[in-house]
Amino acid sequence: MQSFDSIVGTATRIEGDLHVDESLRIDGRLNGNLEQTVGKARWIIIGPNGEIRGNIRAQNVSVSGKVFGNIFASGSTELMEGCEVRGNITHKSITVEPGAIVHGQLIASPDGIDAEAAAKSIIDSARNDAP
């Protein structure tokens with residue numbers, strides 16, 4: 000079982016960017032970007048009622064709720080049944096359960112290093128190859 004240093008409850012809405020150093024569970028709503036300092040076994044968990052409208056930059060991310068933005072995970076990404084992600088997901092490893100909804104690209108960054116640069120490179124390459 001994962002322990003969390005902070006939990007954003009279902010009755011909580013945060014407006015603006017959020018920066019965290021440890022694991023965080025979001026069951027409420029965040030309108031802004033979420034950035035987590037990379038460290039040993041740190042997770043961002045978006046619960047079934049959680050919603051983020053912004054980009055996520057973290058070590059490990061598990062989504063059961065909704066994310067409207069890009070996810071940059073230097074480690075693992077888990078997309079649980081019933082979740083919805085509208086944005087690109089850059090990851091080192093990924094698990095997608097049946098029933099997860101993704102409107103965007105899944106971009107593998109094998110070393111998990113500089114996931115954002117890997118995503119930009121792949122997207123730019125795809126745009127240049129387009130007719």
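Numbering-wise (numbering that gives the first Met the number 0), the sequence shown opens with residue 0 and increments by one.
Glycine included, C-beta positions come from ideal geometry on N, C-alpha and C.
Since the structure is predicted, the reported quantities are computational estimates derived from the model, not experimental observations.
Nearest neighbour of residue i, chosen from the options [CA to CA]
i          : options        : result
residue 43 : 75, 83, 81, 31 : 75
residue 72 : 16, 31, 108, 3 : 108
residue 82 : 90, 63, 4, 39  : 63
residue 70 : 102, 21, 9, 15 : 102
residue 40 : 60, 16, 55, 54 : 60
residue 54 : 16, 20, 91     : 16
Beta-carbon spacing of residue i, residue j below 8 Å
i          : j           : result
residue 98 : residue 66  : no
residue 94 : residue 106 : no
residue 84 : residue 58  : no
residue 45 : residue 68  : no
Residues near residue i in its chain [Cβ-Cβ closer than 6 Å; skip 5 each side]
i           : result
residue 7   : 25, 27
residue 96  : 79, 80
residue 9   : 26, 27, 48
residue 56  : 34, 71
residue 92  : 75
residue 104 : 87
Own chain residues within Cβ distance below 7 Å of residue i, not counting five before or after
i          : result
residue 11 : 27
residue 18 : 34
residue 14 : 30, 31
residue 3  : 22, 23, 24
Residues that DSSP places opposite residue i in a beta bridge
i           : result
residue 94  : 77
residue 30  : 14, 52
residue 35  : 19
residue 71  : 56, 89
residue 5   : 23
residue 171 : No information on residue 171 is available, as it lies outside the stretch 0 to 130 that the chain covers here.
Contact with chain D by residue i, beta-carbon distance below 8 Å
i          : result
residue 80 : Protein chains in the displayed structure number just one, and chain D is not present.
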